[in-house]
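Following: one structure in structure tokens, then a few remarks.
Number of protein chains: 2
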Amino acid sequence: MASDDQPVPVFPKPVTLRDVAAQAGVSVATASKALNDQGRMTAETRERIRETARGLGFRPNSLAQSLLRRRSFTVGLLTNDTYGRFSLPLMSGISDALVDAGVSVFLCHVEEDPRLGQLHVEAMLDKRVDGIIATGKRIDRHLPVDLSNLRVPVIYAFTQPDPDAVAFVSDDGGGARLAIEHFRRLGRKRIAHVTGPASFAVVHERARAYRAVLAETGLPVIEPLLGAWSEAWGHEAVARLFDGSGERPDAVFCGNDQIARGVIDALRERGLGVPDDVGVIGFDNWEIVAEATRPPLTSVDMNLAALGREAGLTLLSLVGGKPATPGIRKLPCRLVVRQSCGRLPDG
Amino acid sequence: MASDDQPVPVFPKPVTLRDVAAQAGVSVATASKALNDQGRMTAETRERIRETARGLGFRPNSLAQSLLRRRSFTVGLLTNDTYGRFSLPLMSGISDALVDAGVSVFLCHVEEDPRLGQLHVEAMLDKRVDGIIATGKRIDRHLPVDLSNLRVPVIYAFTQPDPDAVAFVSDDGGGARLAIEHFRRLGRKRIAHVTGPASFAVVHERARAYRAVLAETGLPVIEPLLGAWSEAWGHEAVARLFDGSGERPDAVFCGNDQIARGVIDALRERGLGVPDDVGVIGFDNWEIVAEATRPPLTSVDMNLAALGREAGLTLLSLVGGKPATPGIRKLPCRLVVRQSCGRLPDG
DNA sequence: CGATTAAGGGAAAACCTTTTCTCAACTGAG
DNA sequence: CTCAGTTGAGAAAAGGTTTTCCCTTAATCG
Numbered sequence: 003m004a005s006d007d008q009p010v011p012v013f014p015k016p017v018t019l020r021d022v023a024a025q026a027g028v029s030v031a032t033a034s035k036a037l038n039d040q041g042r043m044t045a046e047t048r049e050r051i052r053e054t055a056r057g058l059g060f061r062p063n064s065l066a067q068s069l070l071r072r073r074s075f076t077v078g079l080l081t082n083d084t085y086g087r088f089s090l091p092l093m094s095g096i097s098d099a100l101v102d103a104g105v106s107v108f109l110c111h112v113e114e115d116p117r118l119g120q121l122h123v124e125a126m127l128d129k130r131v132d133g134i135i136a137t138g139k140r141i142d143r144h145l146p147v148d149l150s151n152l153r154v155p156v157i158y159a160f161t162q163p164d165p166d167a168v169a170f171v172s173d174d175g176g177g178a179r180l181a182i183e184h185f186r187r188l189g190r191k192r193i194a195h196v197t198g199p200a201s202f203a204v205v206h207e208r209a210r211a212y213r214a215v216l217a218e219t220g221l222p223v224i225e226p227l228l229g230a231w232s233e234a235w236g237h238e239a240v241a242r243l244f245d246g247s248g249e250r251p252d253a254v255f256c257g258n259d260q261i262a263r264g265v266i267d268a269l270r271e272r273g274l275g276v277p278d279d280v281g282v283i284g285f286d287n288w289e290i291v292a293e294a295t296r297p298p299l300t301s302v303d304m305n306l307a308a309l310g311r312e313a314g315l316t317l318l319s320l321v322g323g324k325p326a327t328p329g330i331r332k333l334p335c336r337l338v339v340r341q342s343c344g345r346l347p348d349g
Numbered sequence: 003m004a005s006d007d008q009p010v011p012v013f014p015k016p017v018t019l020r021d022v023a024a025q026a027g028v029s030v031a032t033a034s035k036a037l038n039d040q041g042r043m044t045a046e047t048r049e050r051i052r053e054t055a056r057g058l059g060f061r062p063n064s065l066a067q068s069l070l071r072r073r074s075f076t077v078g079l080l081t082n083d084t085y086g087r088f089s090l091p092l093m094s095g096i097s098d099a100l101v102d103a104g105v106s107v108f109l110c111h112v113e114e115d116p117r118l119g120q121l122h123v124e125a126m127l128d129k130r131v132d133g134i135i136a137t138g139k140r141i142d143r144h145l146p147v148d149l150s151n152l153r154v155p156v157i158y159a160f161t162q163p164d165p166d167a168v169a170f171v172s173d174d175g176g177g178a179r180l181a182i183e184h185f186r187r188l189g190r191k192r193i194a195h196v197t198g199p200a201s202f203a204v205v206h207e208r209a210r211a212y213r214a215v216l217a218e219t220g221l222p223v224i225e226p227l228l229g230a231w232s233e234a235w236g237h238e239a240v241a242r243l244f245d246g247s248g249e250r251p252d253a254v255f256c257g258n259d260q261i262a263r264g265v266i267d268a269l270r271e272r273g274l275g276v277p278d279d280v281g282v283i284g285f286d287n288w289e290i291v292a293e294a295t296r297p298p299l300t301s302v303d304m305n306l307a308a309l310g311r312e313a314g315l316t317l318l319s320l321v322g323g324k325p326a327t328p329g330i331r332k333l334p335c336r337l338v339v340r341q342s343c344g345r346l347p348d349g
């Protein structure tokens, strides 16, 4: 008896179409058609069945539907971005694009272990996901998983695609251009660039844009400083830029917001004011950092949610059988202006 | 013709158990039993069927299995934590606990809109998730969704549970105790506490622990400063603590890592060294912040992955039919010692 | 050698929904 | 009154797997 007084929560049996049909006094076929606006029957019958379904709280079993339609109305989002800094905004955009089609998103975090990753992919395929979106920590890094020759369409977003795949990435060169041109419009003359390690493709792409804009406008190019994606590197880079005897920068374009943060801290320690003496622009627009910086950081936003939306819509049309031409599509960045870059004297 | 040269990628038909059976020359029933180690047959037959399945690359259709077993081997993780700062570590712990049971996790982000949230929950139920784990931004905040009386078991992790539910939260009081006692062991005499807004239950819980430890050890209590969860507030709080004429703190225990960061910056601006003049300990151990702080921040870690693991295991046993006594279970925090708190003089 | 038992394997139902096909009844026209 | 055509609704198959029950054959025992 002692083991009996623990109330075992009993979960009610889900109500099936059969139950609805029985209660309404029709066959399951008719019930199904009534609820899906299919087939022919009197408006009265249709309404009666619907009313019964509502009353019973009937919800169709997606599993059964999926089995029949050979689609699960689910897509998998594969990522190895531990902190979700890039994958969560992306996911939010994807969900956004898919929710109207009744499709949900399955976030699947794959560690660096390729075996475990492959396992997760298999699990998704077994669950008959309609498609997979792959994303990573950085645009030019591969996921530790092989996604070629899968049974479902694959889209790459913000990560290095396989050849012949469809991919969406941000236009980092354009983003850099945005930042530098903004500095130029504000009248900055000596614009430096502090960025991440040479092993990242985007580092070179942005540096190219940096040089190009400066060349176009006749401003001097300061050799970009390549280092790490960290605050500490931003700090150190300021020492390199400002310790020399040469003319000093009046603006720094940084490869990410953490570097920018380190730059700003270092400038303050040197008694240089931001934005009055030196303007600073970051990259990523990681709000939680950009807004906490003093002064709040102007930063290039990669529009990850929009990227996710595009990826989602494209995947959807791929699932629908419409072919998509493979290749990399670049989506524009936008500049989020806060206070670290300064403003026009007359503004 | 022009529309014909676009190669439409054709995805191979998945191979079914029927295919395996046909190729092996047995019935589907036998094939199924062979692959699942059920039924009786010669070892030779079993092996032959397995070999055929391997050769064909057969993978059972989870949808069909789930339909039959009335379980999807999927659990939903519901969150409204936009940046994933808390939900991702949690999810990683949950996945960890469930992967051995072959269960995957469905991350579902519900915005503040309750209607959309309810919609997502319905979608998960329709997909026949085995259970749901709810989590939020902060321990004492409700999700904008009603999860009572669902058809599946629900576990709350790091969010305010419904009454009679099973919940796991971190022991914030214990975490505070850890920090203060560490300061005391290091010989700090005047320990201040700068924390978040009064509207959070954990703020009071930690403040209680703060007072308790100080009272136990005979150290003076400085009235905790309640403000916001931001760097700016940490900055401002330093002004309040150090501008007065009274004796100054030699240690500050902060409500989160961002506050700690603001505190450290403000101290540096005042010419006070961390940890030599003032020790600082944060809360959350958000590595990306804690490690970037100069000096690297000692912080209380809430062990979210462990929390997730516990939640996952408990949900699993609930799904298995074993009852769990409702109530809130607190899991211990741990102190991650870096350099901002100082060390023993003789250490 | 006949009868019993065990072993090996198959048929069919079940899970739940959708869809096509079929069928009965009824309408209106000739 | 008969026939074509329409309307309303049900039967059945399909989707892929698991499991129970049954049947056949071979082996064992008396």
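Quick note, the sequences are listed as chains A and B, same order. Note that the first sequence covers residues 3 to 349 in the working numbering. Note that the second sequence covers residues 3 to 349 in the working numbering. Glycine is no exception: its CB is placed at the ideal position from the N, C-alpha and C atoms.
Annotated as distal: LEU118/A and ALA136/A, with beta-carbon spacing of 9 angstroms or more. Residue-level contact by beta carbon fails for THR300/A and chain B, as no gap is shorter than 9 angstroms. Counting C-beta atoms within 10 angstroms of its own C-beta, GLY322/A has fewer than 16 neighbours from the protein chains shown and is therefore classed as exposed. Straight-line spacing of the CA atoms in PRO325/B and PRO62/A works out to 28 angstroms. Counting only Cβ-Cβ distances below 9 angstroms, ASN82/A has no contacts in chain B at all, with the closest Cβ about 12 angstroms away. In the three-state DSSP reduction, ILE134/B falls in the strand class (E or B). Counting along the chain, LYS332/A sits inside the beta strand (DSSP E) bounded by residues 329-333. Linking VAL204/B to ILE141/B through their CA atoms gives a straight-line distance of about 7 angstroms.
Per DSSP, reduced to three states, the secondary structure at VAL112/A is coil, with no helix or strand assignment.
When CB distances to chain A are screened at a threshold of 9 angstroms, the residues of the region 126-146 of chain B falling below it are MET126, LEU127, ASP128, LYS129, ARG130, in chain order. TYR158/B is outside the set of residues whose beta carbon lies under 9 angstroms from a beta carbon in chain A.
One thing to note: PHE170/A has its Cβ within 9 angstroms of the Cβ of ARG331/A. Here VAL77/B is near VAL105/B, since their CB atoms are less than 9 angstroms apart. Under a 10 Å Cβ-count criterion, GLU225/B is classified as exposed, with fewer than 16 other Cβ atoms of the shown protein chains found around its own Cβ.
At a cut-off of 9 angstroms between beta carbons, GLU124/B contacts chain A. Between the region 238-257 of chain B and the region 182-194 of chain B there are three or more inter-stretch CB-CB distances shorter than 8 angstroms, so the stretches are counted as touching. The continuous beta strand (DSSP E) containing LEU80/A extends over residues 76-81.
DSSP, read as helix, strand or coil, puts ALA253/B in strand.
Residues GLY133, LEU317, LEU320, VAL321 of the same chain have their beta carbon placed closer than 7 angstroms to that of PRO155/A, with the five preceding and five following residues left out of the count. For LEU92/A, the closest alpha carbon among the candidates GLN260/A, ILE261/A, GLU113/A, ASP286/A is that of ASP286/A.
Rounded to the nearest angstrom, the gap between the Cα atoms of PHE13/B and ASN151/A is 9 angstroms.
Close to GLU233/A, with beta-carbon spacing below 7 angstroms, are these residues of chain B in chain order: ALA294. When DSSP reads this structure, SER172/B sits in a beta bridge with LEU333/B. Fully enclosed alpha helix (DSSP H) runs of no fewer than 4 residues occupy 174-187, 203-219 of the region 169-227 of chain B, in order along the chain.
In the structure shown, VAL101/B falls within a helical segment according to DSSP collapsed to helix, strand and coil. Along the region 100-122 of chain A, the positions whose C-beta sits under 7 angstroms from a C-beta of chain B are SER106, PHE108, LEU109, HIS111, read in chain order. Taking 9 angstroms as the CB threshold, ASP245/A stays off the interface with chain B.
Residues of chain B with a Cβ closer than 8 angstroms to the Cβ of ILE330/A do not exist, since the nearest Cβ in that chain sits about 17 angstroms away. Where ALA167/B is concerned, there is no enclosing beta strand (DSSP E), because DSSP gives it neither an H nor an E. Not a single CB atom of chain A sits nearer than 9 angstroms to the CB of PHE170/B.
Nearest neighbour of LEU109/B by Cα position, chosen from SER232/A, LEU80/A, LEU37/A, turns out to be LEU80/A.
In chain order, PHE75, LEU318 place their CB closer than 8 angstroms to the CB of ALA103/B, counting only its own chain and leaving out the 5 sequence neighbours on each side. Identification of chain A residues near SER97/B by a Cβ-Cβ cut-off of 8 angstroms yields HIS111, ordered along the chain.
Residue state for ILE283/A is assigned as strand, using DSSP reduced to three classes. For ASP303/A, the beta-bridge partners assigned by DSSP are ARG336/A. Approximately 6 angstroms separates the beta-carbon atoms of LEU333/A and ALA308/A; this is inside 8 angstroms, confirming the contact.
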